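First comes the structure, then the notes that go with it.
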Amino acid sequence: MLGIFQNIEISHYIYLSCVLFCIGLFGVLFRRNAIILLMCIELMLNSVNLLMAAFTEYMGDQNANGQMFVFFIMVVAAAEAAVGLAILVMVYRNTKKTDVSFLDGLKD
Amino acid sequence: MNTLSIILGLPLLGFIINGIFGSKIPKSLSGGIGTISVFLSFIFSIMALPMFIENPEYTIKLDLFTFLSFDTFNLRVAFTLDRLSLWMTLIVTGIGTLIHVYSISYMKEDEGFYKFFAYLNFFIFNMLLLILGSNFIMLFFGWEGVGLCSYLLIGFWYKNAEYGKAARKAFIMNRIGDLGLLLGIFMIIQQFGTLEFTTVFEEINKGTVSVNTLNAIGILLFIGAMGKSAQIPLFTWLPDAMAGPTPVSALIHAATMVTAGIYLVIRCSALYVLSPIANEVIIWTGLSTAIVAALIGLKQNDIKKVLAYSTVSQLGFMFVALGCGAYTTALFHVTTHAFFKALLFLGAGSVIHGMHHEQDIRKMGGLKSKMPITYYTFLIGTLAITGFPFLSGFFSKDEILTIAFNHNIVVYILLVGSALLTGIYMFRLLFVTFFGEYRNQHYAFDKVHESPRLMTLPLMILAVLSIFGGLLNLPHYLQHEGGILQNWLKPVIGLTHSGQHEISFNTEMILVSIAVLVFVTAFILTRMRYISRKQVPQEQTPTGVLGIISNKFYFDEIYDLIFVKPFETMSIWLQQVFELKIVSKISYGIHDILRFFGGLNKKIQNGNIEYYLMFMVIGVLILLGFNFFN
Chain A
1 MLGIFQNIEI SHYIYLSCVL FCIGLFGVLF RRNAIILLMC IELMLNSVNL LMAAFTEYMG
61 DQNANGQMFV FFIMVVAAAE AAVGLAILVM VYRNTKKTDV SFLDGLKD
Chain B
1001 MNTLSIILGL PLLGFIINGI FGSKIPKSLS GGIGTISVFL SFIFSIMALP MFIENPEYTI
1061 KLDLFTFLSF DTFNLRVAFT LDRLSLWMTL IVTGIGTLIH VYSISYMKED EGFYKFFAYL
1121 NFFIFNMLLL ILGSNFIMLF FGWEGVGLCS YLLIGFWYKN AEYGKAARKA FIMNRIGDLG
1181 LLLGIFMIIQ QFGTLEFTTV FEEINKGTVS VNTLNAIGIL LFIGAMGKSA QIPLFTWLPD
1241 AMAGPTPVSA LIHAATMVTA GIYLVIRCSA LYVLSPIANE VIIWTGLSTA IVAALIGLKQ
1301 NDIKKVLAYS TVSQLGFMFV ALGCGAYTTA LFHVTTHAFF KALLFLGAGS VIHGMHHEQD
1361 IRKMGGLKSK MPITYYTFLI GTLAITGFPF LSGFFSKDEI LTIAFNHNIV VYILLVGSAL
1421 LTGIYMFRLL FVTFFGEYRN QHYAFDKVHE SPRLMTLPLM ILAVLSIFGG LLNLPHYLQH
1481 EGGILQNWLK PVIGLTHSGQ HEISFNTEMI LVSIAVLVFV TAFILTRMRY ISRKQVPQEQ
1541 TPTGVLGIIS NKFYFDEIYD LIFVKPFETM SIWLQQVFEL KIVSKISYGI HDILRFFGGL
1601 NKKIQNGNIE YYLMFMVIGV LILLGFNFFN
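These protein sequence lines are chains A and B, in that order. Anchor point for the first sequence: position 89 equals 89 in my numbering, and the numbering is continuous, going up by one each time. Here my numbering = 1-based position in the second sequence + 1000.
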């Protein structure tokens, strides 16, 4: 299995990760549903993860420092998702909506 | 512990205790603390006396710390007790003690009792600061401090708006004088580079400074003295200051604070000896004040106002003596005046107390039988001030007259006239208040009562002092080697001439006879009018010349017209036009501009998270772009 991934050129990884990142970014910017927002953030983080893993392999780093970061990012993402969802639940309980465009309390 | 720090510190301690804990401790205690702190201060000054008698040059110094320091100019918080300041300290603390005792009884019913004693103690402290300071700045601190205390005590019954106004008037009038004093001090700094009394006077005695400069400094300092000692044109605050409680009038506005101006001139005698123009200014200011105030005093019907104008007039006498270079004589008159004027004021306070806060002499009369102690002590005070032979006022006033005679015959004649007026208004006050028939329908004669022992005791002590005060400086014809005070002050005041040595015994006797004659004339004239013909001052204001006098020469009205009204008009114009039309327009304009730009920015800050994210992304892209193209 490993061999397949090693045979793919690094540029393909970069393209894929760019595409995933942009999908995530545009999702965050233009969707209003908070759940989709969270999912898009997750997507952006994971696109970076992918890039990290690919570059580690490409550089031939024996210590696999980049892949270490992948795990860090995953932990952070999990924590962030937990907090984000908790906030979302509270928002939903209070407003019966998951639409972020109605939440404009920041301007006060 | 330095004696000086005890003398200075005790009243301050009394002020702090009464000021902080006064409301929580009983009245007797706070009165006791106030009185005892001043009394102990007095005792310590007396204890210092023997050393000063032994050694004429003896001084006690207390050098605390540097208050301000520039490269060559140092201002130190330092105090010096020499013979002059010891004399003043004895007067201030001695009379202060008596008046504190008196106040315990006089202010008994007042809710601000502890506050009153705190202020009084603070006043004594500031007065001592003024007297004991060893440079002009310490003097100035004390000067301002007594001004502040005077303000607080005049407006002590601040719930009465009129009294508050009187307090403010006193404060503002004094500020005008203080400006003069301050300018004088600045000139001294510029000329001498120091403010220490000893250094400045040494420099002056070297003769390196031009007469014109000395004249200018002298006149500027005298303007300060004018304000504090209520001379024309800054005297109108003193009669109004009678709004304060009577002990305050006695202590501050008769016996001690108002003599601060005299003290200043005596302290700077080295300067004034060499500045002839300043002396002329002092003489003529003092003279005109002595006459004008005495004239106004003739027609006043408020028992305290008469005494207030009398004080102004007597201060004028003292300044005439100062202007003639007779510093000893002026201090002598300060001393005797402190005795009898404090006595008269406290006596007036006793009358007011007995009459239940009635001050109009037209509503008194016949109080002699009801208040014997007050009557007899008041009589002694009156005799002392009018110059009954061999009482204290006789000697001091006679000395001033002699000196005036020596200096300028016109000054002498005018002063004799003023002395005659003094006799007339004082006897008028005495006769109308204590003789004749009782004239108050609203307060039954039976209810008039003698004051309690705590109030009559100070009266009696002051009466004794008023009788024998003259012994402090007997004239040349009675004591050949010169009076006590004159010898006492010799080391402090270098150049002084009392004037008495320069005229013959016969001339002197003629002058004394004239003084006695003046006294007798005043007595007979007033007695004829108020006792024999039983006249009572009229209710309605007279017309003509007397009208002008009873309206106090329209001083207040003129000041109102010249200074207050234009100032008010200008203030209103500034408020209506400058403030509302110009300043407000500018500030509102700035406000509108900011509001406009703020409105533009407001649209970005709509609180919607998507927009924020969008801006963030755009920002990141811009940064990336920069990175890319560079």
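Yeah, the Cβ is synthetic: ideal placement off N, Cα and C, and Gly gets one too. Quantities reported herein were computed from a predicted structural model and do not represent experimental measurements.
| Asked | Found |
| --- | --- |
| Ends of the beta strand (DSSP E) at Ala1078 (chain B)? | Asn1074 to Leu1081 |
| Using the Cα positions of Gly1599 (chain B) and His1591 (chain B), report the straight-line distance between them to the nearest angstrom. | 12 Å |
| Grab the span of the beta strand (DSSP E) containing Phe1067 (chain B) for me, first residue to last. | Ile1060 to Ser1069 |
| Got a sec: which bits of the region 1604-1619 of chain B sit with their beta carbon under 9 Å from any beta carbon on chain A, in order along the chain? | Gln1605, Asn1606, Gly1607, Asn1608, Ile1609, Glu1610, Tyr1612, Leu1613, Met1614 and Val1617 |
| Give a yes or no on contact between the region 1407-1425 of chain B and the region 1517-1528 of chain B, applying the rule of three or more CB pairs nearer than 8 Å. | yes |
| Do the region 1212-1222 of chain B and the region 1172-1188 of chain B touch if we need at least three Cβ pairs shorter than 8 Å? | yes |
| Can you grab the Cα-Cα spacing for the pair Leu1029 (chain B) / Met1173 (chain B), in whole Å? | 36 Å |
| Contact defined as beta carbons within less than 8 Å: I believe Phe1201 (chain B) pairs with Ala1294 (chain B). What is the distance between those atoms, to the nearest angstrom? | Not quite, the Cβ-Cβ distance comes to about 34 Å (not below 8 Å), so this is no contact. |
| So if DSSP puts Asp1360 (chain B) in a beta bridge, which residue, or which two residues, is it bridged to? | B:Asp1302 |
| Any idea what DSSP makes of Asn63 (chain A), helix, strand or coil? | coil |
| Entirely within the region 1359-1447 of chain B and at least 4 residues each: give me those alpha helix (DSSP H) ranges in chain order. | 1372-1386, 1392-1407 and 1409-1434 |
| With distances taken Cα to Cα, identify the nearest neighbour of Glu1144 (chain B) among B:Asn1279, B:Ile1176, B:Ile1060 and B:Ala1250. | B:Ile1176 |
| Identify each residue in the region 74-98 of chain A for which the Cβ-Cβ distance to at least one residue of chain B is less than 9 Å, and report them in chain order. | none |
| Please list the residues of the region 37-53 of chain A that have a C-beta atom closer than 7 Å to any C-beta atom in chain B, keeping them in chain order. | none |
| What does Ser101 (chain A) reach in chain B if we use C-beta pairs closer than 7 Å? | Asn1608 and Glu1610 |
| Grab me the residues of Tyr1263 (chain B)'s own chain with a C-beta within less than 7 Å of its C-beta, minus the 5 sequence neighbours each way, in chain order. | Met1088 and Ile1131 |
| In the DSSP assignment, what are the bridge partners of Asn1205 (chain B)? | DSSP lists no partner for Asn1205 (chain B). |
| Does the Cβ-Cβ distance between Asn1215 (chain B) and Ser1134 (chain B) come in under 7 Å? | no |
| Can a CB atom of chain B be found closer than 7 Å to the CB of Leu20 (chain A)? | no |
| If you follow the alpha helix (DSSP H) that Tyr1559 (chain B) is in, where does it begin and where does it stop? | Phe1555 to Tyr1559 |
| With H, G and I counted as helix, E and B as strand and the rest as coil, what does DSSP make of Asn1002 (chain B)? | coil |
| With H, G and I counted as helix, E and B as strand and the rest as coil, what does DSSP make of Asp104 (chain A)? | coil |
| For the region 1110-1192 of chain B, list the alpha helix (DSSP H) runs that are entirely contained and at least 4 residues long, ordered along the chain. | 1113-1132, 1136-1154 and 1161-1192 |
| Are the beta-carbon atoms belonging to Trp1488 (chain B) and Arg1083 (chain B) less than 7 Å from one another? | yes |
| Would you tell me roughly how many angstroms separate the C-alpha atoms of Gln1500 (chain B) and Gly1469 (chain B), rounded to the nearest one? | Reliability fails at Gln1500 (chain B), whose pLDDT of 47 lies under 50, so the model's placement of it is uncertain and no value is given. |
| Return the residue from the list B:Asn1440, B:Met1318 and B:Pro1245 that minimises the CA-CA distance to Met1107 (chain B). | B:Pro1245 |
| Give me the Cβ distance between Leu1068 (chain B) and Leu1075 (chain B), rounded to the nearest whole Å; I'm assuming they're in contact under 8 Å. | 4 Å |
| With a cut-off of 8 Å, do at least 3 Cβ pairs link the region 1234-1253 of chain B to the region 1342-1352 of chain B? | yes |
| Check this for me: beta carbons of Ile1060 (chain B) and Leu1004 (chain B), under 7 Å apart or not? | yes |
| Going by the beta-carbon positions, is the gap between Val1080 (chain B) and Phe1042 (chain B) smaller than 7 Å? | Here residue 1080 (chain B) is Thr; the residue named in the question, Val, does not match the sequence. Cβ distance not < 7 Å, so Thr1080 (chain B) and Phe1042 (chain B) don't count as in contact. |
| Taking DSSP as the reference, what is the three-state secondary structure of Glu9 (chain A)? | coil |
| What's the gap between the Cα of Leu1624 (chain B) and the Cα of Cys22 (chain A)? | 15 Å |
| Go ahead and label His1100 (chain B) buried or exposed: buried means 16 or more other beta carbons lie within 10 angstroms of its beta carbon, across all protein chains shown. | buried |
| Using CA coordinates, which residue listed in B:Thr1402, B:Ile1361, B:Leu1454 and B:Phe1431 is at the minimum distance from Leu1346 (chain B)? | B:Leu1454 |
| For Leu29 (chain A) and chain B, any beta-carbon pair shorter than 7 Å? | yes |
| Could you tell me which residues DSSP pairs with Asp99 (chain A) in its beta bridges? | A:Asn33 |
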